[in-house]
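K.L.:
Below is one structure. I have some questions about it.
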Amino acid sequence: MFNRLHPQGPLPEPRQPLVITGTAKSVDLPGTMISEKTVHTLHPKQHIMIRLLKYVLLDILKNRMMVFYTLFLLAVSFGLFTMSGDPVKGLASLLNIVLMVTPLLSIIFATIYFYNSYEFIELLSSQPIRRNTILFSQYFGLCISLLLSLLLGVGIPVLIFAPLKQGLILLAAAGGLTMSFVSLALLSALLTRDKARGIGLSILLWFYFTILYDALMLMVMFAFIDYPMESTTMLMLSLNPIDLARVVVLLQLDISALMGYTGAMMQDILGKSWGVMAATGIMILWIVLPLAIAVRKFKRRDL
Amino acid sequence: MISVENINKSFGRIKVLDQLSLELGGGRSVALIGPNGSGKTTLIKCLLGLAIPDSGSIRVNGIEVKGAWQYRSNIGYMPQIGRYPDNITVMQLLEMIREIRKGTYDHMDEDLLEAFQVRNFGNKTMRSLSGGTRQKVSACLAFLFDPQILILDEPTAGLDPVSVEILKEKVKEEQRKGKLILITSHILSDLEDLAEEVIFINEGRMVFFKTVDQLKNETGSVNLSKAIAMIMQEQNMLS
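If you're matching them up, the sequences are chains A and B in order. Heads up, the first sequence is in my numbering, so the first residue is 8 and it goes up one at a time. Heads up, the second sequence is in my numbering, so the first residue is 4 and it goes up one at a time.
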């Protein structure tokens, strides 16, 4: 099937082409001389993925935005911990900031980055690479660099000031949110070809999950104030990754008593280890589902 | 090497490819011509899997293109407008593609790299290159891995006369090696030197697929440009 056609038939003319000289193979490394037949079996996609990821990561880490993001997180974390005095209080205030900023920056940065890499993606698509590999290298490149910023900017202060367990849970929640909002970013970037619209959609998604959803939830709870709402509340919480992350971390801070009946009920469910596991599962769904839809869209896309 | 069967492609309501079928073998150099918007680039993008046909099948070396990716290691593609990441330098770009294609090629063909003296501007970023220089890089990439099939979309547009000659020589040399060469261009005099056969498409349909000699005989003209112009006038394609 892959027989290479050698000049057996019409031989090249004796006259050498004018300018074309040299058969330098200096760039070629030993060990790449593989015969055509074995070519396609010797093409582990994981390796290609890692090779690609390297280029994407190098490109993102050069971005000034990542430096600003890290420095901002560092400043806010150090500021909150030193000002509040009490580490748990500091952690609670940090939680509020992180739950606002991390999703916002993740979704906007990832959307813009994806649109700006369009040329790169186009170039790669004409090479022998799976489309999945291309999209995943973008996804993981974005996730790894954003998580790195989070780890440096929030992780270090938390390790210094806050109790270990609660601090780690805050980090995990913020990390989950980062990954989920990068998924959402790719999805919105693939839903529309227009960059301005795509970024608009991303901001709208963030606005919905951060502000609109809570307002809607309050309205529902207010309307049905006479009925038992515990299970509905739990369901509604799991439909918003930010709320889910917030509740899981708050419950670890032992201030659920401030949240009344609902708090007690949540403590009853999410305070237990299976509850935390369920929350983790839902968070993973929030990462995987948007990404899966994005992959489907990307595979069918005309570049 | 390439067989296309009844492919259709629409962008919204506009039908770009309409029941198009083709059969192309090795050692041939085929010119793909047609008026603007006739579907040439879309056809090429379908061959590369960059665009996905609505229906029909495309096979490259017997492999159905849909969902496949390995077959692209047999294709060198020079796009109409080479779009590359802005901040990468020329040598970094070549190195990157080489690393990505590692294991899928026999040896590298650096003839064009030498002939265009790419190493002289190897440290410049892609953003800073002129259109023609960018075309040179695109050409190098297309030929670099010694692929069986070369797809060149408007290869000579924007190149200086010396570079055009270098590229033409290279294309001829590769054709003699038994490669399949598919070229689109509006510069018919360039095609005259390069192509032995002509596929003419219009509104996404194939109008004819003939050899250059056949065309000249039929129209009684001396060169390809006149022959094509006559056919286009006959068919009222210019109006």
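Just so it is clear, CB atoms sit at the ideal spot from N, CA and C, and this is done for glycine as well.
I want to see whether chain A comes within less than 8 Å of Arg31/B, judged by CB atoms only; does it?
P.N.:
In the second sequence, the residue the question calls residue 31/B occupies position 28. Among the residues facing chain A, Arg31/B is not included, as its CB has no counterpart in that chain under 8 Å away.
K.L.:
Cβ closer than 8 Å: which chain B residues qualify as neighbours of Phe116/A?
P.N.:
Indexing the first sequence from 1 puts residue 116/A at position 109. Within 8 Å Cβ-Cβ: nothing; Phe116/A doesn't reach chain B, min ~17 Å.
K.L.:
Report, in whole angstroms, the separation of the C-beta atoms of Leu35/B and Ile186/B, which I expect to be a contact under 8 Å.
P.N.:
As a first step, residue 35/B must be located in the second sequence, where it is residue number 32. As a first step, residue 186/B must be located in the second sequence, where it is residue number 183. That pair is a contact at about 7 Å.
K.L.:
Determine the contact status of Pro145/A and Ile100/B, defining contact as a CB-CB distance below 8 Å.
P.N.:
The residue you call residue 145/A lines up with position 138 of the first sequence. The residue you call residue 100/B lines up with position 97 of the second sequence. Correcting the residue identity first, residue 145/A is Gln in this sequence and not Pro. Going by beta carbons, Gln145/A and Ile100/B fall outside the 8 Å limit.
K.L.:
Enumerate in chain order the residues of its own chain whose CB-to-CB distance from Leu296/A is below 8 Å, with the five nearest sequence positions on each side excluded.
P.N.:
As a working note, residue 296/A is residue 289 in the first sequence. Result list for Leu296/A: Ser190, in chain order.
K.L.:
Can you tell me where the alpha helix (DSSP H) holding Met235/B begins and where it ends?
P.N.:
In the second sequence, counting from the first residue as 1, residue 235/B sits at position 232. Per DSSP, Met235/B belongs to the alpha helix (DSSP H) from Leu227 to Glu237.
K.L.:
Strictly under 8 Å for the Cβ-Cβ distance: is Thr107/B near chain A by that measure?
P.N.:
As a position in the second sequence, residue 107/B is number 104, starting the count at 1. So, interface residue.
K.L.:
Quick check on the burial criterion: 16 or more other C-beta atoms within 10 angstroms. Buried or exposed for Asn126/B?
P.N.:
Along the second sequence, read from residue 1 onward, the residue named residue 126/B stands at position 123. Exposed, by the Cβ-count rule.
K.L.:
Can you tell me where the alpha helix (DSSP H) with Ser133/B in it begins and where it stops?
P.N.:
Translated into the one-based positions of the second sequence, residue 133/B becomes position 130. Element bounds for Ser133/B: n/a, residue is neither H nor E.
K.L.:
Quick one: Cα of Leu212/A to Cα of Thr140/A, how far?
P.N.:
Within the first sequence, the letter at position 205 stands for residue 212/A. Within the first sequence, the letter at position 133 stands for residue 140/A. CA-to-CA, the gap between Leu212/A and Thr140/A works out to about 26 Å.
K.L.:
Should Arg303/A be flagged as near chain B, meaning a C-beta pair shorter than 8 Å?
P.N.:
Sequence index remark: in the first sequence, residue 303/A carries index 296 (1-based). Not one chain B Cβ lies under 8 Å of Arg303/A.
K.L.:
In this structure, does DSSP put Leu35/B in helix, strand or coil?
P.N.:
What you label residue 35/B is simply residue 32 of the second sequence in a count that begins at 1. In this structure, Leu35/B counts as strand in the three-state DSSP scheme.
K.L.:
Just verifying my parser: in three-state terms, what is the DSSP assignment at Val255/A?
P.N.:
The sequence position of residue 255/A within the first sequence is 248, counting from 1. Three-state result, Val255/A: helix.
K.L.:
Would you verify that the beta carbon of Glu195/B is, or is not, closer than 8 Å to some beta carbon of chain A?
P.N.:
On the second sequence, position 192 is the one that residue 195/B refers to. Chain A, which has no Cβ nearer than 8 Å to the Cβ of Glu195/B, makes this no.
K.L.:
Give the DSSP-derived three-state secondary structure of Arg208/B in the structure shown.
P.N.:
Position 205 of the second sequence, counted from the first residue, corresponds to residue 208/B. DSSP places Arg208/B within a strand segment (E or B) once states are collapsed to three.
K.L.:
When you compare each of Gly207/B, Leu218/B and Gln217/B to Ser41/B by their alpha carbons, which one comes out closest?
P.N.:
What you label residue 41/B is simply residue 38 of the second sequence in a count that begins at 1. Among Gly207/B, Leu218/B and Gln217/B, the Cα nearest to that of Ser41/B belongs to Gly207/B.
K.L.:
Within 8 Å (strictly less), CB to CB, does Ile300/A reach chain B?
P.N.:
Taking the first sequence and counting its residues from 1, one reaches residue 300/A at position 293. Ile300/A does not count as touching chain B.
K.L.:
Span of the alpha helix (DSSP H) holding Ser152/A?
P.N.:
Taking the first residue of the first sequence as 1, we reach residue 152/A at position 145. Arg138 to Leu157 is the span of the alpha helix (DSSP H), which, as asked, contains Ser152/A.
K.L.:
Would you kindly check if the distance between the Cβ of Val83/A and the Cβ of Ile104/A is under 8 Å?
P.N.:
The residue you call residue 104/A lines up with position 97 of the first sequence. The residue you call residue 83/A lines up with position 76 of the first sequence. With contacts defined by Cβ atoms closer than 8 Å, Ile104/A and Val83/A form a contacting pair.
K.L.:
Please report the straight-line C-alpha distance between Lys18/B and Asn11/B, rounded to a whole angstrom.
P.N.:
Taking the second sequence and counting its residues from 1, one reaches residue 18/B at position 15. Taking the second sequence and counting its residues from 1, one reaches residue 11/B at position 8. Rounded to whole angstroms, Lys18/B to Asn11/B spans 8 Å at the Cα level.
K.L.:
Measure the alpha-carbon distance for Ser33/A versus Thr118/A and round it to whole angstroms.
P.N.:
Counted from its first residue, the first sequence places residue 33/A at position 26. Counted from its first residue, the first sequence places residue 118/A at position 111. Low local confidence applies: a pLDDT of 39 at Ser33/A is under 50, so the model's placement there is unreliable, and no value is given.
K.L.:
Using 8 Å for Cβ pairs, my map puts Ser209/A next to Ser187/A. What's the rounded Cβ distance?
P.N.:
As a working mapping, residue 209/A is identified with position 202 in the first sequence. As a working mapping, residue 187/A is identified with position 180 in the first sequence. With 8 Å as the limit, Ser209/A and Ser187/A do not qualify as a contact, their Cβ atoms being about 13 Å apart.
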